[in-house]
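Note sheet for the following structure.
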Amino acid sequence: MQKLSLNNNQTCQKKNLLTSLIWGGDGVNIDSGKIRKIIIFALPLIMFFWIGNKISFAYRTVTVVGDISVKAYPFIDNLGNAVTNPLPSLHPYDVLIGAIVAGIAKLVIEYKKKHKKKFAEDKEYGSARWGNEKDIAPYYDKQNQSDNIILTQSERLTMNKAKSPKYERNKNVIVYGGSGSGKTRFYVKPNLMQMHSSYVVTDPKGTIINDCGKLLQRGKPIYQKGDIIGYQPYEIKIFNTIDFKKSMHYNPFAYIRPETREQDILRTVEVLIANTTGEQKGGDEFWVKAEKLLYTSYIALILTMCPENEWNFETLIDFVNASECREDDDSFKNAIDWAFYYLEKWIEKDWDKDEQFEEQNENYADLVDIDVEPWRASLGRFAVRQYKAYKLAAGKTAKSILISCATRLAPFSIDSILEITSYDEMQLDTIGDRLTALFIVVSDTDATFNFLVAIMYSQLFNLLCTKADKTPKGRLKYPVRCLIDEFANIKQIPDFEKIIAVIRSRGISASIILQTKSQLKSLYKDNAETIEGNCDSELFLGGKEKTTLKDISDNLGKETIYMFNTSRTRGTQESYGVNYQKLGKELMSRDEISVMDNSQCVLQIRGLHPFLSYKYDITKHKNYKYLFDYDDKNYFDVKKYVKRKHNHTAELRKSTKYTEFQTVDERK
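Start counting the sequence shown at 6; every next residue gets the next number (the numbering used here).
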């Protein structure tokens with residue numbers, strides 16, 4: 006029994022060795038890919054060798070003498086007997102014939118492979134076609150319809166992780182639709198009714214919040230064993246640039262984070278400049294750069310020296326107003342010059358032994374005995390460096406820079422703007438921590454205050470990305486969807502082409518809603534294609550702008566169609582002829598897209614055939630009955646809500662700080 010066991014083990018080892026040699030197992034260091042290729046190549050040649058060998062053997066062993074017709078029947082009998090034996094004949098003649106047949110077969114195979122023609126039947130001029138239900142099926146959640154992004158009546162994208170990486174698509178969507186095509190009704194409202202994420206919604210005219218506010222206030226249903234056991238309400242926030250009485254407070258300075266103060270200040274200034282600058286003209290660049298130095302130094306000074314309740318635009322305007330320049334006296338020091346003078350002494354501990362303070366600077370005397378915190382020292386040095394760079398300008402130039410700054414900050418001089426930016430209620434960094442719906446109400450006719458919206462979006466994306474990066478999974482607790490209607494009216498969000506490329510992994514997505522493609526190109530120039538390319542889904546709801554129609558038609562591609570011509574020849578003998586011909590045709594030409602039925606839309610998702618579908622019927626959604634559109638009782642009163650949510654109304658200073666910063670001589 007022991008000997009039998011040993012033999013069995015040896016047999017197993019031999020089998021394992023053979024398997025390893027053929028397929029490249031772990032035990033032998035052999036390239037399994039090469040072995041497979043050799044076997045696949047050799048098998049047909051072995052087969053042809055065997056066939057040639059058997060034919061040669063059958064013919065050679067025929068004993069009848071005569072011509073081929075006489076030998077045919079005995080040859081067939083011999084061949085039948087020969088093939089019953091799988092082993093080849095080892096006779097030299099049979100081996101030679103088998104080798105010749107195998108060699109000829111190899112030459113034929115190589116020739117065929119070299120001269121192989123590629124045929125694509127019915128695809129000669131294009132293989133474009135419309136997508137169908139089978140194409141979209143792996144991309145959406147059939148079990149829980151509420152966890153999908155609604156694109157059309159029949160197409161959706163899941164918000165959850167796809168079953169396979171090949172079905173994974175980012176959730177960024179770009180929507181094009183002319184006026185009246187239903188961008189709000191057929192895309193924004195249906196996706197708000199899904200309630201699977203936190204939302205940031207640009208609301209032109211302020212009607213979306215009126216319509217959907219009650220639904221969101223009631224909240225997302227909580228299910229247990231298929232039954233609703235309660236609701237998780239949304240925290241609703243409203244920033245209204247049309248009517249500030251219906252707006253909560255937003256202070257950009259509140260989001261200058263302790264760990265990245267300098268970077269955040271630079272970013273805030275960049276957004277402010279980008280969205281309050283008209284068309285650039287030759288020579289403007291110097292003044293813009295000089296303004297940046299001044300804003301940066303003043304904001305850093307405010308955060309270093311002022312109490313926290315003065316970290317706002319009102320204080321910034323006061324500082325600009327206090328920055329008097331005298332063209333004929335470069336040695337003159339205004340109140341801000343003195344502030345930076347004593348700031349530098351404080352952070353560097355460079356006080357004179359018997360430091361003297363003039364009457365207008367007596368309030369700085371307390372700094373001598375106050376220890377400077379490390380963060381104030383760091384930020385103070387940053388402020389001083391920026392201010393010294395600005396002070397290189399001569400008196401006349403400095404005065405021109407100050408005038409430019411005052412002009413740019415003119416919108417903030419309005420009492421309602423000063424009040425609304427005096428403190429913060431938005432808590433932008435918490436939108437991914439709990440279910441939140443932030444509505445940003447903007448005017449679609451007046452873009453005066455839209456730079457505030459651009460600043461808000463820029464801070465929002467940076468705050469949420471930073472928040473996500475600090476979590477173990479690198480994602481927000483709740484996904485955040487930004488439904489940015491009338492995207493072109495918001496002006497420019499700095500580095501948006503970079504932001505949209507990286508937010509996917511953090512659980513953030515953007516739906517960019519425009520009227521035409523030219524709007525995006527006009528605003529973001531060469532970066533427009535980058536932004537568009539980072540949106541895996543493109544939805545066209547209708548329009549007639551030529552650039553948009555051409556791009557969509559080109560992207561749809563061409564299909565191969567048949568064309569037939571009929572001919573008729575008259576004469577003594579009439580004849581008829583029919584000629585068939587293939588040609589390429591756009592799946593949907595520009596003129597066909599321009600006259601598309603208003604109930605239809607075109608959807609393109611990366612990696613899928615395009616879909617010609619119907620726009621989503623909002624009345625079929627299970628939550629439609631909770632909208633104001635369905636019942637007047639569902640109207641959401643923004644004014645009452647904001648009044649109830651306000652912490653307090655800030656009291657503006659009766660006069661600016663200009664009087665506080667004047668010198669004694671000036672007061673007289």
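For glycine and all other residues, C-beta sits at the position ideal for the given N, C-alpha and C.
Source: prediction; values computed, not measured.
Open item on the list: Taking a contact to mean a Cβ-Cβ separation below 7 Å, would you say Tyr-303 touches Leu-321 in this structure?
Closed with: In contact: Tyr-303 and Leu-321 (Cβ atoms closer than 7 Å).
Open item on the list: Suppose contacts are defined by Cβ-Cβ distances below 7 Å. Is Phe-616 in contact with Gly-136 by that definition?
Closed with: Cβ atoms of Phe-616 and Gly-136: closer than 7 Å.
Task: Cβ separation of Arg-272 and Ser-463, assumed to be a contact under 8 Å, to the nearest whole Å - done: Confirmed, Cβ separation roughly 7 Å.
- [ ] Give the range of the alpha helix (DSSP H) segment to which Lys-119 is assigned.
- [x] Its alpha helix (DSSP H) spans residues 97-119.
- [ ] Output the residue ranges of the beta strand (DSSP E) runs that lie fully inside the stretch 174-258 and measure 3 residues or longer, sorted by chain position.
- [x] Uninterrupted beta strand (DSSP E) stretches at least 3 residues long and entirely within the stretch 174-258 occur at 178-181, 203-209, 225-229, 232-237, 240-245, given in chain order.
Task: CA-to-CA distance, Glu-364 to Asp-355, given in whole angstroms - done: Pairing Asp-355 with Glu-364, the inter-Cα distance amounts to about 21 Å.
Open item on the list: Using a Cβ-Cβ cutoff of less than 8 Å, which residues in the same chain neighbour Asn-280 once the five nearest sequence positions on both sides are dropped?
Closed with: Closer than 8 Å at Cβ, skipping near neighbours: Asn-455, Phe-456, Ala-459, Ile-460, Lys-496, Gln-497.
Task: Through-space distance from Val-600 to Leu-554, alpha-carbon basis - done: Going by the C-alpha atoms only, they are around 11 Å apart.
Open item on the list: Please state the DSSP three-state secondary structure of Thr-565.
Closed with: Strand, per DSSP.
Task: Nearest to Gln-148 (by Cα), restricted to the options Asn-532, Arg-161, Thr-157, Leu-156 - done: That would be Arg-161, whose Cα lies nearest to the Cα of Gln-148.
- [ ] May I have the straight-line CA-CA distance separating Gly-547 from Thr-450, to the nearest angstrom?
- [x] Rounded to the nearest whole angstrom, the CA to CA distance from Gly-547 to Thr-450 is 22 Å.
Task: Start-to-end residues for the alpha helix (DSSP H) that takes in Ala-459 - done: Looking at the DSSP string, the run of the alpha helix (DSSP H) that includes Ala-459 is 455-474.
Task: Nearest-angstrom Cα separation, counted from Lys-39 out to Gly-29 - done: Confidence is the limiting factor: at Gly-29 the pLDDT is only 46, short of 50, which leaves the residue's position unreliable, though a coordinate-based value still follows. CA-to-CA, the gap between Gly-29 and Lys-39 works out to about 9 Å.
Open item on the list: Can you find the residues in the same chain that come closer than 8 Å, C-beta to C-beta, to Asp-622, ignoring five residues on each side of it along the sequence?
Closed with: Closer than 8 Å at Cβ, skipping near neighbours: Gln-158.
Open item on the list: Measuring only the C-alpha atoms, how far is Lys-188 from Pro-209?
Closed with: Going by the C-alpha atoms only, they are around 11 Å apart.
Task: Enclosing alpha helix (DSSP H) for Val-647 [first to last residue] - done: Start and end: 643-650.
Task: Backbone secondary structure at Gly-400 - three-state DSSP - done: Note: Gly-400 maps to helix in three-state DSSP.
TODO: Please determine if the stretch 391-405 and the stretch 427-441 are in contact, where contact requires at least 3 C-beta pairs separated by less than 8 Å.
DONE: Pairwise C-beta distances place the stretch 391-405 out of contact with the stretch 427-441, as fewer than three of them are shorter than 8 Å.
Task: Ala-506 - partner residues in DSSP beta bridges - done: According to DSSP, Ala-506 bridges with nothing at all.
- [ ] For Asp-359, count neighbouring Cβ atoms within 10 angstroms of its own Cβ and tell me buried if that reaches 16, exposed if not.
- [x] By the neighbour-count definition (other C-beta atoms within 10 Å, threshold 16), Asp-359 is an exposed residue.
Task: Glu-579, DSSP secondary structure in three states - done: Residue state, collapsed to three classes: coil.
Open item on the list: Checking the sheet assignment: what are the DSSP bridge partners for Leu-519?
Closed with: Beta-bridge partners of Leu-519 (DSSP): Tyr-181.
- [ ] Inspect the beta-carbon positions of Ile-179 and Glu-543 and report whether they are closer than 7 Å.
- [x] Yes, Cβ-Cβ distance for Ile-179 and Glu-543 is below 7 Å.
Task: Residue of Ala-493, Lys-176, Thr-453 minimising C-alpha distance to Tyr-145 - done: Tyr-145 has its Cα closest to that of Lys-176, out of Ala-493, Lys-176, Thr-453.
Task: Through-space distance from Arg-573 to Tyr-581, alpha-carbon basis - done: C-alpha separation (whole angstroms): 5 Å.
Task: Close beta carbons around Ala-107, own chain, < 7 Å, minus the five adjacent residues each side - done: Residues of the same chain with a CB within less than 7 Å of the CB of Ala-107, apart from the 5 flanking positions on each side, are Leu-50, Phe-53, Phe-54, Gly-57 in chain order.
Open item on the list: Could you give the first and the last residue of the continuous beta strand (DSSP E) run that contains Ala-442?
Closed with: Element bounds for Ala-442: 441-447.
Task: Separation of Glu-275 from Glu-290, as counted between CA atoms - done: Those two C-alpha atoms are separated by around 13 Å.
- [ ] Determine, using beta-carbon pairs with one atom in the stretch 412-428 and one in the stretch 306-326, whether at least three such pairs fall under 8 Å.
- [x] Touching, per the Cβ criterion.
Open item on the list: What does the alpha-carbon distance come out to for the pair His-254 and Lys-650?
Closed with: For His-254 and Lys-650, the distance between alpha carbons rounds to 10 Å.
Task: 7 Å Cβ shell around Arg-262 - same chain, five flanking residues per side excluded - done: So the qualifying residues of the chain are Asp-269.
TODO: Please list, in chain order, all residues of the same chain as Lys-673 whose beta carbon is under 6 Å from its beta carbon, the five residues on each side excluded.
DONE: Below a pLDDT of 50, predicted positions are generally treated as unreliable, and Lys-673, at 38, falls in that range; the measurement from the model is reported next regardless. Excluding five sequence positions before and after Lys-673, none of the CB atoms of its chain fall closer than 6 Å to its own CB.
Task: Where Asn-628 sits in the DSSP three-state scheme - done: Asn-628: coil per DSSP, three-state reduction.
Task: Coarse secondary structure for Thr-668, derived from DSSP in three states - done: For Thr-668, the pLDDT reaches just 36, beneath the cut-off of 50, and the residue's location in the model is therefore unreliable, although a value from the coordinates is still provided. Three-state result, Thr-668: coil.
Open item on the list: Taking contact to mean 3 or more Cβ pairs, one atom from each stretch, closer than 8 Å, check whether the stretch 553-569 and the stretch 582-598 are in contact.
Closed with: Contact holds: three or more Cβ-Cβ distances are below 8 Å.
Task: Beta-carbon contacts of Asp-429 that lie in its chain and below 7 Å, excluding the five residues immediately before and after - done: Counting only residues of its own chain and dropping the five nearest sequence neighbours on each side, Asp-429 has a CB closer than 7 Å to the CB of His-254, Tyr-255, Asn-256, Ala-259.
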